[in-house]
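Reading through the structure tokens given below for one structure.
Here is the structure:
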């Protein structure tokens, strides 16, 4: 009788755990479906709005008065921001539902980082930031979709620049070994302890009372972690200190 009690408790716990997993899976699926549906519903009217704004800029309907040029340009910028949000929502929904197309192949992380730094150069120049990288002499090949890797690297660099102080400082380091790694280190705000896991949840922004709030979609780190895990890798915040910066590490399987 006594011997059976622990077994029954173990069975009950297993059943409860299974139920919780099923509920979590259903919640993730529902969230992904909502994000996908919302993104599709937003895309059509946005396309119409962006089209008319472009026609106004091109003076399709006649000469545009000078006083309208700045407001029209601002409308176009905001339309692009919303379009980028829609694209990220769709990507997040596809990755979480497992429907995002993947084409893993051997990718040299050294080249991927160099290209990411080049893409960030206009923003780096504009913000008078410092962005450097260090790569080994030998190839560090990871098994990953190159487009998804580019998305992850762009998000990590953007995040480091966004939360940098004054003139942001960012350094990227590539290392090899049992796995392929990219370390992204900054000297920005740092991440408060209470937010260190939440920043990977999506639609999450963290504020610092000593800094002006930053605009953004709050999806970058969430999507990047989901993408890394899709390839058997990981993305983690491995070091941070308020006011001194953070270190993120992307780990990916080594290409065979």
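In our numbering, the protein residues as written are -17 to 238. We treat Cβ as the ideally placed atom computed from N, Cα and C, and that holds for glycine.
Helix, strand or coil for residue -5 per DSSP? Stepping through the chain shown from its first residue, residue -5 is reached at position 13. Helix at residue -5.
Whole alpha helix (DSSP H) runs in the segment 44 to 128 with 4 or more residues, listed along the chain? Scanning the segment 44 to 128 for uninterrupted alpha helix (DSSP H) segments of 4 residues or longer gives 48 to 79, 91 to 108, listed from N- to C-terminal end.
Give the C-beta separation of residue 106 and residue 113 to the nearest angstrom, bearing in mind that I take them to be a contact with Cβ-Cβ under 8 angstroms. The residue you call residue 106 lines up with position 124 of the chain shown. The residue you call residue 113 lines up with position 131 of the chain shown. The pair is a contact, with the Cβ atoms about 5 angstroms apart (cut-off 8 angstroms).
Taking 8 angstroms as the cut-off, decide whether the C-beta atoms of residue 181 and residue 203 are in contact. The residue you call residue 181 lines up with position 199 of the chain shown. The residue you call residue 203 lines up with position 221 of the chain shown. Closer than 8 angstroms, so yes.
Could you tell me which of 224, 229, 211 sits nearest to residue 82, measuring between CA atoms? Your numbering for residue 82 matches position 100 in the chain shown. Looking at the Cα atoms, 211 is the closest of the given residues.
For a test of your reading of the model: does the CB of residue 108 fall under 7 angstroms from any non-hydrogen atom of the ligand MN? Yes or no. In terms of ligand content, the structure shown is empty, and the ligand MN therefore cannot be addressed.
Beta strand (DSSP E) segment containing residue 211, residue limits: If you number the chain shown from 1, residue 211 lands on position 229. From DSSP, residue 211 is part of no beta strand (DSSP E) but of the alpha helix (DSSP H) over 202 to 212.
Pair every Cβ in the segment 158 to 174 with every Cβ in the segment 117 to 131, then say whether three or more of these pairs are closer than 8 angstroms. yes
Assigned exposure category for residue -4 - 16 Cβ within 10 Å defines buried: Position 14 of the chain shown, counted from the first residue, corresponds to residue -4. Classification of residue -4: exposed, given that the 10 Å Cβ count is below 16.
By alpha-carbon positions, which one of 47, 64, 207, -7 ends up nearest to residue 278? Nothing in the structure corresponds to residue 278, since the chain is present only between -17 and 238.
Would you be able to state if there are at least three C-beta pairs under 8 angstroms between the segment 217 to 237 and the segment 167 to 174? yes
If residue 143 and residue 111 are in contact, beta carbons under 8 angstroms, what's the gap, nearest whole angstrom? In the chain shown, residue 143 corresponds to position 161, counting from 1. In the chain shown, residue 111 corresponds to position 129, counting from 1. The Cβ separation is near 6 angstroms, so the contact holds.
Quick check on DSSP: helix, strand or coil for residue -12? Start at 1 with the first residue of the chain shown, and residue -12 comes out as number 6. Three-state DSSP puts residue -12 in a helix.
Per DSSP, what kind of secondary structure is residue 180 in: helix, strand or coil? Counted from its first residue, the chain shown places residue 180 at position 198. Helix, per DSSP.
If you follow the beta strand (DSSP E) that residue 222 is part of, which residue opens it and which one closes it? To locate residue 222, count along the chain shown from 1; it is residue 240. Residues 216 to 223.
Give the secondary structure of residue 169 by DSSP, where H, G and I count as helix, E and B as strand, and everything else as coil. Stepping through the chain shown from its first residue, residue 169 is reached at position 187. Reduced to three states, the DSSP call for residue 169 is coil.
Using 8 angstroms as the threshold, is the C-beta distance between residue 91 and residue 56 below it? The residue labelled residue 91 in the question sits at position 109 within the chain shown. The residue labelled residue 56 in the question sits at position 74 within the chain shown. Going by C-beta atoms, residue 91 is not nearer than 8 angstroms to residue 56.
Three-state secondary structure assigned by DSSP to residue 149: The residue given as residue 149 occupies position 167 in the chain shown. In this structure, residue 149 counts as coil in the three-state DSSP scheme.
Return helix, strand or coil for residue 162, following the three-state DSSP convention. For the purposes of this step, residue 162 is taken as the residue at position 180 of the chain shown. DSSP places residue 162 in strand when its eight states are reduced to three.
Helix, strand or coil for residue 230? Go by DSSP, reduced to three states. If you number the chain shown from 1, residue 230 lands on position 248. DSSP places residue 230 in strand when its eight states are reduced to three.
CB of residue 150 within 8 angstroms of CB of residue 136, strictly: Position 168 of the chain shown, counted from the first residue, corresponds to residue 150. Position 154 of the chain shown, counted from the first residue, corresponds to residue 136. Not in contact: residue 150 and residue 136 (Cβ atoms no closer than 8 angstroms).
Taking the alpha carbon of residue 131 as the point to measure from, which residue in 87, 147, 38, 218 has its own alpha carbon closest? Counting from one through the chain shown, the residue named residue 131 turns up at place 149. Here the closest residue by C-alpha is 87.
Exposed or buried, residue 70, counting other C-beta atoms within 10 Å across all chains shown (16 or more means buried)? As a first step, residue 70 must be located in the chain shown, where it is residue number 88. By the neighbour-count rule (16 or more Cβ atoms within 10 Å), residue 70 is buried.
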